[in-house]
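Heads up: the sequence lines are chains Z and L, in that order. Residues 16 to 488 (my numbering) are what the first sequence spells out, left to right. Residues 16 to 488 (my numbering) are what the second sequence spells out, left to right. Using N, Cα and C, we set each Cβ at its ideal position, and we do this for glycine too. Every value quoted in this text rests on a predicted model; they were computed, and no experiment measured them. Written below as structure tokens is the structure these notes are about.
Number of protein chains: 2
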Amino acid sequence: MIELQNLFDRIVQRVNINLRELEYDVKPFVDNLIPFDQMLKFYAIYGVTTNHLLDFHFRHSNLGGTYFLGKCHVNNSLLYKSDIRGDELKQKGEVYRYKDIDIPLVTDEGIEIENSFLVKTLVHCFSHDPETLEKFFITNTISTHYANIHGAPIDGSFLGPFATVDLTTMNDCVVGAYSYIQAGEVDHLNIEPGTLWVRSPGNFEFRYQYPQERLSKYIQFSAGRPPRGELIEFIRERKKDFERIYDRVNLESSVPVSDNAALDRFAVCKPRIQIDENVLVAQHAYLENTHMGKGANAQENCFIINSHLKGFNVTAHGGKIINADLGENGFVGFNSYLKGRSDARLTIGPECIVMPHTIIDIEKPLEIPAGHIVWGLITNSAELAENSVAIEKLAGFKGSLTRANMSFEGNGKILVDAFQARIHHILEANGAFYDGSGHVGHAQKNQNISFNIVHPYPDGDSEGMCPTIRIQP
Amino acid sequence: MIELQNLFDRIVQRVNINLRELEYDVKPFVDNLIPFDQMLKFYAIYGVTTNHLLDFHFRHSNLGGTYFLGKCHVNNSLLYKSDIRGDELKQKGEVYRYKDIDIPLVTDEGIEIENSFLVKTLVHCFSHDPETLEKFFITNTISTHYANIHGAPIDGSFLGPFATVDLTTMNDCVVGAYSYIQAGEVDHLNIEPGTLWVRSPGNFEFRYQYPQERLSKYIQFSAGRPPRGELIEFIRERKKDFERIYDRVNLESSVPVSDNAALDRFAVCKPRIQIDENVLVAQHAYLENTHMGKGANAQENCFIINSHLKGFNVTAHGGKIINADLGENGFVGFNSYLKGRSDARLTIGPECIVMPHTIIDIEKPLEIPAGHIVWGLITNSAELAENSVAIEKLAGFKGSLTRANMSFEGNGKILVDAFQARIHHILEANGAFYDGSGHVGHAQKNQNISFNIVHPYPDGDSEGMCPTIRIQP
Numbered sequence: 016m017i018e019l020q021n022l023f024d025r026i027v028q029r030v031n032i033n034l035r036e037l038e039y040d041v042k043p044f045v046d047n048l049i050p051f052d053q054m055l056k057f058y059a060i061y062g063v064t065t066n067h068l069l070d071f072h073f074r075h076s077n078l079g080g081t082y083f084l085g086k087c088h089v090n091n092s093l094l095y096k097s098d099i100r101g102d103e104l105k106q107k108g109e110v111y112r113y114k115d116i117d118i119p120l121v122t123d124e125g126i127e128i129e130n131s132f133l134v135k136t137l138v139h140c141f142s143h144d145p146e147t148l149e150k151f152f153i154t155n156t157i158s159t160h161y162a163n164i165h166g167a168p169i170d171g172s173f174l175g176p177f178a179t180v181d182l183t184t185m186n187d188c189v190v191g192a193y194s195y196i197q198a199g200e201v202d203h204l205n206i207e208p209g210t211l212w213v214r215s216p217g218n219f220e221f222r223y224q225y226p227q228e229r230l231s232k233y234i235q236f237s238a239g240r241p242p243r244g245e246l247i248e249f250i251r252e253r254k255k256d257f258e259r260i261y262d263r264v265n266l267e268s269s270v271p272v273s274d275n276a277a278l279d280r281f282a283v284c285k286p287r288i289q290i291d292e293n294v295l296v297a298q299h300a301y302l303e304n305t306h307m308g309k310g311a312n313a314q315e316n317c318f319i320i321n322s323h324l325k326g327f328n329v330t331a332h333g334g335k336i337i338n339a340d341l342g343e344n345g346f347v348g349f350n351s352y353l354k355g356r357s358d359a360r361l362t363i364g365p366e367c368i369v370m371p372h373t374i375i376d377i378e379k380p381l382e383i384p385a386g387h388i389v390w391g392l393i394t395n396s397a398e399l400a401e402n403s404v405a406i407e408k409l410a411g412f413k414g415s416l417t418r419a420n421m422s423f424e425g426n427g428k429i430l431v432d433a434f435q436a437r438i439h440h441i442l443e444a445n446g447a448f449y450d451g452s453g454h455v456g457h458a459q460k461n462q463n464i465s466f467n468i469v470h471p472y473p474d475g476d477s478e479g480m481c482p483t484i485r486i487q488p
Numbered sequence: 016m017i018e019l020q021n022l023f024d025r026i027v028q029r030v031n032i033n034l035r036e037l038e039y040d041v042k043p044f045v046d047n048l049i050p051f052d053q054m055l056k057f058y059a060i061y062g063v064t065t066n067h068l069l070d071f072h073f074r075h076s077n078l079g080g081t082y083f084l085g086k087c088h089v090n091n092s093l094l095y096k097s098d099i100r101g102d103e104l105k106q107k108g109e110v111y112r113y114k115d116i117d118i119p120l121v122t123d124e125g126i127e128i129e130n131s132f133l134v135k136t137l138v139h140c141f142s143h144d145p146e147t148l149e150k151f152f153i154t155n156t157i158s159t160h161y162a163n164i165h166g167a168p169i170d171g172s173f174l175g176p177f178a179t180v181d182l183t184t185m186n187d188c189v190v191g192a193y194s195y196i197q198a199g200e201v202d203h204l205n206i207e208p209g210t211l212w213v214r215s216p217g218n219f220e221f222r223y224q225y226p227q228e229r230l231s232k233y234i235q236f237s238a239g240r241p242p243r244g245e246l247i248e249f250i251r252e253r254k255k256d257f258e259r260i261y262d263r264v265n266l267e268s269s270v271p272v273s274d275n276a277a278l279d280r281f282a283v284c285k286p287r288i289q290i291d292e293n294v295l296v297a298q299h300a301y302l303e304n305t306h307m308g309k310g311a312n313a314q315e316n317c318f319i320i321n322s323h324l325k326g327f328n329v330t331a332h333g334g335k336i337i338n339a340d341l342g343e344n345g346f347v348g349f350n351s352y353l354k355g356r357s358d359a360r361l362t363i364g365p366e367c368i369v370m371p372h373t374i375i376d377i378e379k380p381l382e383i384p385a386g387h388i389v390w391g392l393i394t395n396s397a398e399l400a401e402n403s404v405a406i407e408k409l410a411g412f413k414g415s416l417t418r419a420n421m422s423f424e425g426n427g428k429i430l431v432d433a434f435q436a437r438i439h440h441i442l443e444a445n446g447a448f449y450d451g452s453g454h455v456g457h458a459q460k461n462q463n464i465s466f467n468i469v470h471p472y473p474d475g476d477s478e479g480m481c482p483t484i485r486i487q488p
């Protein structure tokens, strides 16, 4: 597997060249992170549907265990058990509005991954960079376990485990473990682990910093060692359940699914699942003893266990919900970890927003009142009070505010409006509002996908590399 | 699935145009032969290896259940559960000797299938037509269940079930069920069912004609009905065993296989199999309670049951051997059906040649003496005497001979030499003589193949059609 080794070395070198200003060496972090023989074990999958763009081009890459939908070109890259989800790609002829400028698209948008190494990373399409609307690039970048690269072109960067880059164009940055960045455009930053940073230049800026020591219980990542901590353990304990769904070619689901709901064939369904209409359960989601109300969704790498989500709940990529009851119209952001206990359930009132990368880990029952926004690390009601605010109150706030590890500056209403518009968009895109004809979304479009399986070369110098594959309609 | 219907209609029309001189209409034979919804059910497979040419191009075709290896371009065709085996393709730079002319190949040979409908057909590469050495074409052709197109470019033709075209360039012909044609070049013929025709112009001509009524017990094919008869029933009864091997992505074999033998992962292994060194068991072969001696092989669509094949036995594509013991260096030709019984075993001495399309169906034990060649329909020792000759005796024969349904004319030695050279070539190509370094063949090269899976569009007008797929190294 000499080609695989050479490719790995080359990617590491490219990332380091990009990070030279930060004097950052990714090599000790990624050496042996995924042993090469592990990369040979799993097959990649691409979806074939009549409802999505279909354009794949895989060249000189290892794709082990990765899931592709839409339009995606991969060149000289290692994509290990990642999700490359191109089901919201902009299409030729569409017009993208940036401030007061209408920019027409001259080609279909495509995800282009080059010289990059993505480990268990979720990539969701739709570049928000007005400079590269057609080309959602991921170049010279390494991302590690359960990172999210979401509508965010990225070059020359390194993402720690559970890091999320969302609606951000990023150049030459290091993003620490469990940091969430939604900041428009950023360059040459080294962002420490556990940073939440939501910024709309001229409008608002929200920051929260996890205390490093408390965060390390959940996730730690240091040179020379794989990521560890409770988040990693939680997923590892459920690994076996995913193996089964990969072993069969045509897996019959034992869960009844409404005509207008989509349960991906690569999702895990443990006993006692109820899926109401217009629900979307994406690949690599995990459901156990859970009721998903009308229009609710569970995105990639979600775990929803012993819980009840009422209608129109969004659980974003990587959200984990255990022993919890969520009221209607709730939002749980990326990689959040909401952990009630069987004797201490977590109750979230309707219309709540759980910010991305929130950890709630309680030993006594806790209730988040209706219409609140919460963030950061919460283990009891005192921390809840500190790390939450009524949405209505925030919408009326203008100015600067510092509270515990959080700071806010700007116009609260713009932040609230932006979040609510986005949640509405997500529900709409997911097909939550489908009424039999209008508002078609992923829940309806993803019901019928056939999957093709890609294995790498089994031996020789090319062992582990996939052949060149081009798929078009 | 309107595109699938249109494609089917177009292929039927093209074949009929080619057969207009014979006033032959294939439509009633092939309408509903394979219901369209059946074509959607199965995935196609292509092998990825470092030991074979890798060049696939699939365009506007249904490939349901088909197996591909090597270099194969498919355009506007329906390939249903077929085997397209390109593991003996000639390569660029090789020189093909035709009589006293050396023809260098300017490109790698490729199988090119266009406007054709192949049902459960075995296609094996290596065009023997000196006019088209690089392009093994199958165009405007329909072949039905368990036909073999073997090193035989073919255009505008129709093959009945279990028909074989071997080392023949064929234009605008109809080949009846269970007919075997090895004739160099043929045009505009309508060959009745159960014809065996082996011809080397200027050297020899062998013909045998099955009595139609007796053949119909084994295979019948008429307009408006699917093929039927004992051969079809025999395979149908074992269908379930094939389903299991398709359901799993990575199937662990429970049969121990020597380092220098290859047991394809899409072969069926029932209990009590012994596979000695240098054995090749191809995909879609079926073994049950059988011992395969050193260097023996079982090719596609073979069934070998309750039998013992000593070393260096060749069972060609579609050969069936039940309750039989074969001495060393035997050859069982295409689609032969050798059926002993548990209380009436068939014994075949060493160095025997069972001609392609031979049926032996006995109620009392029968022994074919060493060094004999047999053909046609044999149900007892009297028929064996009529339908066999000592190879040594045939090699000394020159002239004309008619016996029962067989006629021979020409030089027996040339026929014997040709057969023996070919058997030696098959053993060599299959790796039967591998000694740890030299004589590498399929048994060694095919040990390590990874398989990629192709499904068609799941719905819409394109339902059942595969997207355009291009695979190269």
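Around the beta-carbon of residue 122 of chain L, fewer than 16 other beta-carbon atoms lie within 10 Å, marking it exposed. By alpha-carbon distance to residue 261 of chain Z, the top candidate from Z:360, Z:448, Z:30 and Z:79 is Z:79. As the crow flies, the alpha-carbon of residue 237 of chain L is around 10 Å from that of residue 175 of chain L. For the 9 Å CB-CB criterion, residue 71 of chain Z and residue 20 of chain Z do not form a contact. Annotated as proximal: residue 84 of chain L and residue 62 of chain L, with beta-carbon spacing under 9 Å.
Inter-segment contact for the segment 324 to 343 of chain Z and the segment 353 to 363 of chain Z is present: three or more beta-carbon pairs are separated by less than 8 Å. Under the three-pair Cβ rule at 8 Å, the segment 413 to 429 of chain Z does not count as touching the segment 440 to 451 of chain Z.
The beta carbon of residue 109 of chain L sits closer than 6 Å to the beta carbons of 120 from its chain, once the five residues preceding and following it are set aside; these are given in chain order. Rounded to whole angstroms, the gap between the alpha carbons of residue 434 of chain Z and residue 410 of chain Z is 11 Å. Residue 469 of chain L has a beta carbon lying within less than 9 Å of a beta carbon in chain Z.
Of all residues in the segment 243 to 275 of chain L, only 261, 262, 263, 264 and 265 place a beta-carbon less than 9 Å from a beta-carbon of chain Z. Flagged as an interface residue toward chain Z: residue 475 of chain L, by a C-beta distance shorter than 9 Å. Take residue 113 of chain Z, set aside five residues on each side of it, and the residues of its chain with a beta-carbon closer than 7 Å to its own are 145, in chain order. For residue 95 of chain Z, no chain L residue has a Cβ inside 9 Å of its Cβ, as the nearest lies near 17 Å away.
For residue 466 of chain L, the residues of chain Z that pass the 7 Å Cβ criterion are 470, in the order they occur in the chain. Between the alpha carbons of residue 323 of chain L and residue 303 of chain L lies a distance of about 11 Å.
Residue contact check for residue 463 of chain Z against chain L: a CB pair falls below 9 Å. Here DSSP, grouped into helix, strand and coil, assigns residue 43 of chain L to helix.
Close CB contacts of residue 257 of chain Z within its chain, under the 7 Å cut and outside five residues either way in sequence, are with 283 (chain order). Residue 261 of chain Z carries a helical assignment under DSSP once its states are collapsed to helix, strand and coil. Counting only residues of its own chain and dropping the five nearest sequence neighbours on each side, residue 58 of chain L has a CB closer than 8 Å to the CB of 79, 80, 261, 468, 469 and 470.
Spatial neighbours of residue 347 of chain L in its own chain (CB-CB distance under 6 Å, excluding positions within 5 residues in sequence) are listed in chain order as 330, 334 and 369. Separation of residue 37 of chain L and residue 204 of chain L (C-alpha to C-alpha, rounded to the nearest whole angstrom) is 8 Å.
By the criterion of a C-beta distance shorter than 7 Å, residue 198 of chain Z is surrounded in its chain by 183, 212 and 214, once the five residues flanking it on both sides are discounted.
Within chain L, 482 have C-beta atoms less than 7 Å from the C-beta of residue 69 of chain Z, given in sequence order.
Rounded to whole angstroms, the gap between the alpha carbons of residue 296 of chain Z and residue 128 of chain Z is 26 Å.
In this structure, the CA atom of residue 155 of chain L is about 40 Å from the CA atom of residue 377 of chain L.
Nearest CB-CB separation between residue 58 of chain L and chain Z: below the 9 Å threshold. At a Cβ-Cβ threshold of 9 Å, residue 476 of chain L and residue 17 of chain L count as neighbours. Look at residue 240 of chain L here: in three-state DSSP terms it is coil, with no helix or strand label.
Between residue 181 of chain L and residue 171 of chain L, the beta carbon gap of about 18 Å keeps them out of contact (Cβ cut-off 8 Å). About 12 Å separates the CB atoms of residue 318 of chain L and residue 332 of chain L; that is not less than 8 Å, and the two are not in contact. Between the alpha carbons of residue 473 of chain L and residue 280 of chain Z lies a distance of about 14 Å.
With respect to the C-alpha of residue 393 of chain L, the residue from L:419, L:414 and L:272 having the closest C-alpha is L:419. At a cut-off of 9 Å between C-beta atoms, residue 65 of chain L counts as an interface residue with respect to chain Z. Close CB contacts of residue 288 of chain Z within its chain, under the 7 Å cut and outside five residues either way in sequence, are with 270, 302 and 305 (chain order).
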